[in-house]
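Participant: Got a structure for you, written out below as structure tokens; questions coming shortly.
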Amino acid sequence: MRRLLTLALLSATLTATATTQTAATTQLTATGQTAATAQTAGTDRTAATARAAATDRTAATAQPAAINAITQTVLFDKGGAGYGCYRIPAIVRTNTGALLAFAEARRAWCGDSQEIDLVMRRSIDNGRTWSPQKIVLSGTDTNPNAVATRGNPTPIADLETGRVVLLSTFDPGTTTDRPRTPYVQISDDDGVTFKPARSLAGEIDDPAWGWYATGPGHGIQLTRGEHAGDLVAGTNYDTSGRGAGQLVYSSDHGDTWHKGATDLRSDSAVPQEISLVEKAGGGIYAAARNNTGAPGASRMGAVSNDGGRTFAAPFATIPNLTTPVVQGAVQRLRATDEGDRYNRILFSAPADPERRRYMTIRSSYDEGKNWDTGTRITSDWSGYSDLTELATGELGLLYEAGAVDARDQIRFARFTESDLGLPDGATGPTTPDISGLGNHAYLRGGPAVATGKFGQGRDLDGTDDHLQLPFAESLALGAGDFTTMTWIKYGASTANQAIFWGYGIDQFSQFWLRAEPGSSRIRGLITSNGNTGSVATTKAYNDNAWHHVALQRKAGTLSIWVDGVQVASAAAPAGSISPARPFRMYVGQRLDGLHRFDGTLDEVRIYRRALTVDELKRIYSSNSTDVPGAVLDLPLG
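Everything in the sequence shown is counted per my numbering, starting at 643 for the first residue and increasing by one.
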């Protein structure tokens, strides 16, 4: 629904240079700018990046690989248009595909306590060129030229009406120790103009609260469940020395707003600067900065399952997502309930655990439970950020960065999913899956077409040939029953030879079926949460004749079937054999590339259920194609 072009075809577009309408540049490098003196703000929200006094210490945690070359454009540059500094980026894609890039334009310097306007630039060509900067909101309700603070831009695109809703906060002075009031603005012309701002003090604020912040970064419109169409945004506030993370929502396209899920902490944690993404299948994942987090505890997450009305549980630390204390943004890239093979959520933030540098895009394939090391966008200093998906299927990142100071510029970067890394690794030739799920397998090493049991098969040379199955949620066998099967013909080698192997090795959750002719057997194994069950035949069937082999888990029993007959069984442990994301599955080798199969394969199938005796016999005797429920069906022709 969101992707209009195949992502793999888009990488060539990343070398396009910006026109003279856009400010500066591709492949940003240090320019010798003199850094402005870091100022101390009234709050920790915009604390300056700590500088190393003499040496550039390397963070102890592993750092991600960098993208070799991407196009980056400076949209807001320190000192531009009469402003001393630009901070707090936010970006949204409208119903027409236009991009709206927002920022706080700080009049004198980079701190929080001063006159601040909200400004915007607009692109109608997926970030190749941008309109001149314009002020969206400034001053007070009665005097736009008055000295005041307008901040925390939180834009939301309403894809049902086409309007753009902009939440922000207001302080009639220039200090950070005064309560801030939330406001809303509406654009009904695709972000070209915005109507006057309206106070939301009586809707989503409270007189007893002190600091109040919307976002920053884009909010979302729900597309799933009973609250589909609602607009939802993250906010945070403090009261009586306690911090709270809060969601707010609108059920009438931004006209009125309501307080929703709230986590008012009784401990020292301060969940704030909340970024949202809708979960596949419904629900909201809320990613927050923990403003009091020690290294390794600066990120928190929570889930709402009722459209943002309540949190299912309080915010909890995300231990495998390391950042300094800084805002971060999340963005949905793929969802299985939108037709994708897997789920993928992106997260942008600096990766150095102590200092604001190394802007990095990380990925979660399990809806925010775990995050990978990611891909580095820049080695420069970097800070706040926001993400969006472009109409072309590319990704857009709006982020603070500088060669000398993270607050020198706000840049826009374009890249593709391929730039970030595909979970299957390199693309290549495939053999088609006819299950209807599109799980086409990669032909690695060049297995040759050979005479199969039914038509053509594939000959694997035992050296480097194998089939790699794609990472797909439909191939996660989980805790349920399953049946995997193929035809094999082999006998040239007595070495161990993997037929199927998926998910893990050693003590990790896994499954496999392996020919062990040196031990005169075929063996199957599954492991779940450290518990293992294995089963073995009494023959290896390595007679250079065709044999149909199947591994099945059914109601606590693990069994091997050969030529339509069950020949071995054993107790099977309960639990999921595929908990990790992303995962790898191979036909013809172990996960680490060992135990490669030397022989011919044909008709590879996987079912996420235990086939009946009759179904197994029909597949063996006639290659029956009317057995329902296959999640993988490779004829190998």
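We treat Cβ as the ideally placed atom computed from N, Cα and C, and that holds for glycine.
(1) Could you spell out where the beta strand (DSSP E) holding Glu1158 opens and where it closes?
(2) Pick out whichever of Ser1135, Asp1185, Leu809 and Thr1169 has its Cα sitting closest to the Cα of Asp897.
(3) Could you check what DSSP says for Thr679 in three-state terms: helix, strand or coil?
(4) Could you tell me the boundaries of the beta strand (DSSP E) in which Val919 lies?
(5) Skipping 5 residues on each side, what residues in its chain have a beta carbon closer than 7 Å to that of Lys1259?
(6) Alpha carbon to alpha carbon, what distance is there between Thr1020 and Leu1037?
(7) Mapping the DSSP letters down to three states, classify Leu873 as helix, strand or coil.
(8) Alpha carbon to alpha carbon, what distance is there between Gln969 and Pro937?
(9) To which residues of the same chain is Val919 closer than 8 Å at the C-beta, ignoring the five residues directly before and after it?
(10) Tell whether a beta-carbon distance below 8 Å holds between Tyr1145 and Ile1164.
(11) Return yes when the Cβ of Asp948 is within less than 8 Å of the Cβ of Leu873, no when it is not.
(12) Just verifying my parser: in three-state terms, what is the DSSP assignment at Arg764?
(13) What do you reckon, are the CB atoms on Phe1142 and Leu1193 nearer than 8 Å?
(14) Is the CB-CB distance between Gly793 and Pro821 below 8 Å?
(15) Please give the ranges of any beta strand (DSSP E) in the region 749-826, keeping only runs that are unbroken, at least 3 residues long and fully inside the region.
(16) Give the C-beta separation of Ile1003 and Leu1062 to the nearest angstrom, bearing in mind that I take them to be a contact with Cβ-Cβ under 8 Å.
(17) What is the DSSP secondary structure of Thr1017, reduced to helix, strand or coil?
(18) Could you have a look at Ser1266 and say whether DSSP puts it in helix, strand or coil?
(19) Select from Thr1136, Lys837, Gly1160 and Arg1195 the residue whose C-alpha is nearest the C-alpha of Gln595.
(20) From the DSSP output, in three-state form, read off Asp1256 for me.
(21) Taking only three categories from DSSP, how would you classify Asp979?
(22) Have a look at Ile758 and Pro814 and give me their C-alpha separation to the nearest angstrom.
(23) Output needed for Ala850: all residues of its chain with C-beta closer than 7 Å, excluding positions within five of it in sequence on either side, in chain order.
(24) With C-beta atoms as the reference, is Asp1244 less than 8 Å away from Gly1094?
(25) Roughly how many angstroms lie between the CA atoms of Pro961 and Thr1136, to the nearest whole one?
(26) Determine the contact status of Tyr725 and Ala743, defining contact as a CB-CB distance below 8 Å.
(27) Going by DSSP, which residues form a beta bridge with Val1209?
(28) Nearest to Thr715 by alpha carbon, out of Arg763, Ser841, Val967 and Asn785?
(29) I need the straight-line Cα distance from Thr811 to Ala870, nearest angstrom please.
(30) Between which residues of its own chain and Tyr1262 is the CB-CB distance below 7 Å, once the five residues before and five after are set aside?
(31) In this structure, does DSSP put Ile1261 in helix, strand or coil?
(32) Measure the beta-carbon distance from Ser1220 to Ala1118 and round it to whole angstroms, keeping in mind my assumption that it falls under 8 Å.
(33) Compare the C-alpha of Asp1014 against each of Gln827, Ala1090 and Ala1222 and name the closest.
(34) Take Asp1107 and list the residues in its own chain whose beta-carbon comes closer than 6 Å to its own, dropping the five residues that flank it on each side.
(35) Can you grab the Cα-Cα spacing for the pair Asp979 / Arg941, in whole Å?
(36) Use the C-beta contact count for Gly1235: other C-beta atoms within 10 angstroms, 16 or more gives buried, fewer gives exposed.
Facilitator: Straight from the coordinates:
(1) Secondary structure note for Glu1158: its beta strand (DSSP E) is the uninterrupted segment Gln1152 to Glu1158.
(2) Of the listed residues, the one whose Cα sits closest to Asp897 is Leu809.
(3) Bear in mind that a pLDDT of 29 at Thr679, under 50, signals an unreliable position, so the model cannot answer this.
(4) Start and end: Pro913 to Glu920.
(5) Gly1206.
(6) Linking Leu1037 to Thr1020 through their CA atoms gives a straight-line distance of about 15 Å.
(7) Here DSSP, grouped into helix, strand and coil, assigns Leu873 to strand.
(8) Cα to Cα, Pro937 sits roughly 14 Å from Gln969.
(9) Excluding positions up to five away in sequence, the list reads Ile862, Ile926, Tyr927, Ala929, Val972, Gln973, Arg974, Ile987 and Gly1010.
(10) Judged by beta-carbon spacing, Ile1164 lies beyond the 8 Å limit of Tyr1145, meaning their Cβ atoms are not closer than that value.
(11) For the pair Leu873 and Asp948, the CB atoms are not nearer than the 8 Å cut-off.
(12) For Arg764, the secondary structure class from DSSP, reduced to helix, strand or coil, is strand.
(13) Yes. Within cutoff.
(14) In this structure, Pro821 does not lie closer than 8 Å to Gly793 by Cβ.
(15) You should have 758-765, 776-779, 791-799 and 806-813.
(16) Yes, Ile1003 and Leu1062 are in contact; Cβ-Cβ is about 6 Å, under 8 Å.
(17) Secondary structure at Thr1017: strand, using DSSP grouped into helix, strand and coil.
(18) Coil, per DSSP.
(19) There is simply no residue 595 to check, as the chain begins at 643 and stops at 1279 in what is shown.
(20) DSSP places Asp1256 in helix when its eight states are reduced to three.
(21) In the structure shown, Asp979 sits in a helix (DSSP, three-state: H, G or I).
(22) About 11 Å.
(23) Here the set comprises Thr881.
(24) The Cβ atoms of Asp1244 and Gly1094 sit closer than 8 Å to each other.
(25) Rounded to the nearest angstrom, the gap between the Cα atoms of Pro961 and Thr1136 is 46 Å.
(26) Taking 8 Å as the Cβ cut-off, Tyr725 and Ala743 do not qualify as a contacting pair.
(27) DSSP links Val1209 through a beta bridge to no other residue.
(28) Nearest to Thr715 by alpha-carbon distance, out of Arg763, Ser841, Val967 and Asn785, is Arg763.
(29) Rounded to the nearest angstrom, the two C-alpha atoms are 26 Å apart.
(30) Leaving aside the five residues that flank Tyr1262 on each side, the residues in its chain whose CB is nearer than 7 Å to its CB run, in chain order, His1190, Asp1205 and Gly1206.
(31) Helix, per DSSP.
(32) Here Ser1220 really is in contact with Ala1118; their C-beta atoms are around 4 Å apart, less than 8 Å.
(33) Measuring from the Cα of Asp1014, the nearest candidate turns out to be Ala1222.
(34) Correct list, in chain order: Gly1087 and Pro1089.
(35) The alpha-carbon of Asp979 is positioned some 27 Å away from that of Arg941.
(36) Its Cβ having fewer than 16 others within 10 Å, Gly1235 is exposed.
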